[in-house]
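One structure is given here, and the rest of the page talks about it.
Number of protein chains: 2
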Amino acid sequence: MTCVNLIGMTANLAIDLDRSSPVPLYFQVAEQIAEAIRRGDLAPGARLDNEILLADKLGLSRPTIRQAIQYLVDKGLLVRKRGVGTQVVHGQVKRSVELTSLYDDLRRAGQEPATRVIALEPRSVDEEIAAILGLEPGTEALYLERLRYAAGEPLALLHNWLPLGLARLGATDLETRGLYELLRGAGVRMRVANQRIGARAAGQSEARLLGERRGAPLLTMIRTTYDDQGRAVEHGSHVYRASHYSLEVTLIER
Amino acid sequence: MTCVNLIGMTANLAIDLDRSSPVPLYFQVAEQIAEAIRRGDLAPGARLDNEILLADKLGLSRPTIRQAIQYLVDKGLLVRKRGVGTQVVHGQVKRSVELTSLYDDLRRAGQEPATRVIALEPRSVDEEIAAILGLEPGTEALYLERLRYAAGEPLALLHNWLPLGLARLGATDLETRGLYELLRGAGVRMRVANQRIGARAAGQSEARLLGERRGAPLLTMIRTTYDDQGRAVEHGSHVYRASHYSLEVTLIER
DNA sequence: CCGTCGCATTTGTCTGGACATTATGACCTG
DNA sequence: CAGGTCATAATGTCCAGACAAATGCGACGG
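Chains as they are written, first to last, in the numbering used here: chain A, 35 to 288; chain B, 35 to 288.
See below:
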């Protein structure tokens with residue numbers, strides 16, 4: 035277990051390394067730098083020591099340090115410039131959107147999410163859904179329809195299709211946890227999601243369920259999520275009350 | 035200039051390497067694999083040769099090959115699994131959203147975009163815009179308002195604020211090119227963008243400009259873009275006709 | 001006084017190797 | 001035949017070093 039002070043002049047940043055831990059060294063470094071940025075020990079604009087010096091101080095090789103820094107650059111926390119150095123980004127950039135469900139997002143924001151399961155049953159898929167999920171038309175998939183509340187108010191109407199046998203989903207589970215959390219718990223490893231975001235006016239039945247007037251603007255999201263091997267694991271078609279919700283996305287150019 | 039056949043059994047993928055080119059080797063490899071995937075020479079699910087063999091065939095080191103593959107994994111084209119190998123993702127995943135403007139997107143989609151510049155002038159910024167752009171309240175910034183058409187139809191109403199002195203923007207330029215293209219051409223290097231996407235009903239003046247009825251659903255996007263060093267270079271507040279446009283986003287979990 | 005050239009600094013790219021960790025399937029055992 | 005065990009294969013992590021390229025700044029010269 036090493037412990038070294040980084041970044042000479044500007045701040046005193048201590049980094050612990052535990053070589054016996056299964057956590058990769060580059061990740062230990064990255065996490066602790068990120069933590070220092072979050073705490074404010076590394077102010078926006080602060081320059082890190084150069085990679086070689088850093089590697090030296092920590093007793094690591096330069097590629098390992100580079101991997102740690104690269105990880106943070108990809109997350110948008112650091113910026114590198116050849117011939118200049120590595121700096122903490124100025125604007126406070128929010129964490130890049132991850133593969134999370136609305137439920138997780140709400141709970142992280144301190145809201146009190148609740149869910150009403152409207153439908154949860156195998157249904158035969160039409161041609162479009164079959165093509166999306168990579169199934170034969172006419173076979174069955176799990177159909178799921180939920181109404182999501184936040185702070186006691188209806189917020190979103192969620193429709194999902196999932197391949198059968200992916201996870202044992204009970205209505206009770208779905209009322210106390212998010213779909214993504216349940217899938218992850220069942221060993222499903224989601225990797226890529228493709229979303230299409232749009233808007234439209236509320237129809238009559240939607241309006242009633244969501245407590246809006248007919249014609250009220252709704253935010254729509256259609257999302258397909260793929261796992262490890264590129265197999266579709268979930269297809270969702272959701273509508274949100276635009277008056278109560280918006281989506282946040284962070285883009286990072288390599 | 036080397037030229038080697040890759041991927042033993044499944045397909046015949048030739049990769050040219052030009053060591054005298056200034057283009058990094060890992061990038062040459064990545065581009066050509068990506069091209070093969072786009073062409074279909076590498077079908078979804080196809081397994082690549084393992085990294086060591088690949089490195090051997092191309093006369094490169096393993097880290098270089100890994101860098102090429104990592105680049106494609108980050109873009110969502112490939113999937114790696116330890117102990118198994120590297121595969122082309124199954125679902126045809128669209129290209130991850132880059133830092134492009136609506137104009138570029140439209141032109142790439144084969145549409146014929148047109149722009150009408152409504153306002154282009156320095157204006158003193160209020161407190162909110164000042165905080166976003168990192169300026170003092172009351173100082174001036176460039177205010178820009180445009181109406182964007184596609185296929186002859188009005189599509190979006192775009193409002194932008196930019197720090198002064200960033201680039202010389204003429205109304206003529208803005209009518210023939212996208213804002214992002216102009217900024218890039220002026221040497222501005224955009225790196226991170228933060229977007230908030232929502233929806234609301236059209237107001238009267240918006241509706242008139244966009245050719246919609248009052249109350250029609252509009253897709254809204256508020257975006258702040260930061261450069262290299264984390265300085266804000268652009269803040270936009272845009273509304274799109276939901277009936278004619280939707281946004282696409284691809285998320286990739288590392 | 002100003003511009004240009006060159007140098008030092010720093011990240012970018014690349015090499016060649018070593019060992020660890022994790023899936024997968026074949027094999028052996030109960 | 002079922003189950004666990006072990007070998008194998010592939011990616012993940014890490015090391016030590018070399019040269020290239022870009023940037024910024026200072027020194028030199030016009």
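Even glycine gets a Cβ: it sits at the ideal position worked out from N, Cα and C.
| query | result |
| --- | --- |
| Applying the criterion that 16 or more other CB atoms from any shown protein chain within 10 Å of the CB defines a buried residue, is B/ALA290 buried or exposed? | A query on residue 290 of chain B cannot be resolved here, the shown segment of chain B reaching from 35 to 288 and no further. |
| For B/GLU282, decide whether its Cβ has a neighbour in chain A, counting only Cβ atoms nearer than 7 Å. | yes |
| So is B/GLY219 buried or exposed if we call it buried at 16+ other beta carbons inside 10 Å? | exposed |
| What residues of chain A sit near B/ILE231, judged by a beta carbon separation below 8 Å? | ILE231, LEU253, SER280, LEU281, GLU282 and VAL283 |
| Quick one: what's got a C-beta closer than 6 Å to A/PRO171's C-beta in the same chain, skipping five residues either side? | GLU161 and ALA164 |
| When you compare only the Cα positions, how much space is there between B/VAL283 and A/ALA250? | 24 Å |
| Taking A/GLY119 and B/VAL226 to be in contact with their CB atoms under 8 Å, please state how far apart those CB atoms are, rounded to whole angstroms. | That pair is no contact at about 18 Å. |
| Where does B/LYS109 sit, in a helix, a strand or coil, going by DSSP? | coil |
| May I ask you to report which of helix, strand or coil DSSP gives A/SER158? | strand |
| When you compare only the Cα positions, how much space is there between A/ALA185 and A/PRO147? | 7 Å |
| The alpha helix (DSSP H) that contains B/SER239, what's its start and end? | 238–244 |
| Within 10 Å of its beta-carbon, does A/THR173 have 16 or more other beta-carbons around it, so buried, or fewer, so exposed? | exposed |
| Checking contacts by CB at 7 Å: is A/GLY264 closer than that to chain B? | yes |
| Going by the CB atoms, is the gap between B/ARG150 and B/LEU198 shorter than 7 Å? | no |
| List the residues of chain B that A/ARG11 touches, going by C-beta distances under 7 Å, in chain order. | What is shown of chain A runs 35 to 288, which leaves residue 11 of chain A out entirely. |
| Tell me, which residues are paired with A/TYR183 by DSSP? | A/ALA148 and A/PRO188 |
| So if I threshold CB-CB distances at 8 Å, which residues from the stretch 196–225 of chain A count as touching chain B? | MET224 and ARG225 |
| Along the stretch 81–92 of chain A, what residues have a CB closer than 9 Å to any CB found in chain B? | none |
| Is A/GLU268 helix, strand or coil by DSSP? | strand |
| Take A/SER158 and list the residues in its own chain whose beta-carbon comes closer than 6 Å to its own, dropping the five residues that flank it on each side. | GLY172 and GLU174 |
| Shorter than 7 Å from the beta carbon of B/VAL123 to some beta carbon of chain A? | yes |
| Along the chain, where does the beta strand (DSSP E) that runs through B/ARG53 open and close? | Counting along the chain, B/ARG53 falls outside any beta strand (DSSP E), and DSSP gives it neither H nor E. |
| Going by the CB atoms, is the gap between B/LEU191 and B/LEU243 shorter than 7 Å? | yes |
| Got a sec: is the Cβ-Cβ distance from A/GLY110 to anything in chain B below 7 Å? | yes |
| What is the rounded straight-line gap between the Cα of A/ALA201 and the Cα of A/LEU217? | 7 Å |
| Return no unless some Cβ of chain A is closer than 7 Å to the Cβ of B/ALA241. | no |
| Among A/TYR60, A/ASP262 and A/TRP195, which one has its Cα closest to the Cα of A/GLY270? | A/TRP195 |
| Under 7 Å, do A/ALA102 and A/ALA64 count as touching if we go by C-beta distance? | yes |
| Distance check for B/VAL273 and B/THR254, CA to CA, integer angstroms please. | 4 Å |
| Considering only residues of the same chain and omitting the five flanking positions on each side of B/TYR105, which have a CB-CB separation below 8 Å? | TYR60, PHE61 and ALA64 |
| Taking a Cβ distance cut-off of 8 Å, strictly less, list which residues of the stretch 155–169 of chain A are near chain B, in chain order. | GLY168 |
| DSSP three-state label for A/GLU209, please. | helix |
| Please work out which residues of its chain come closer than 6 Å, Cβ to Cβ, to A/LEU154, disregarding the five sequence neighbours upstream and downstream, and give them in chain order. | LEU178 and ALA205 |
| Between A/LEU176, A/THR258 and A/ARG275, which has its C-alpha nearest B/LEU285's C-alpha? | A/THR258 |
| With burial defined as no fewer than 16 other Cβ atoms inside 10 Å of the residue's Cβ, what is the status of B/GLU246: buried or exposed? | buried |
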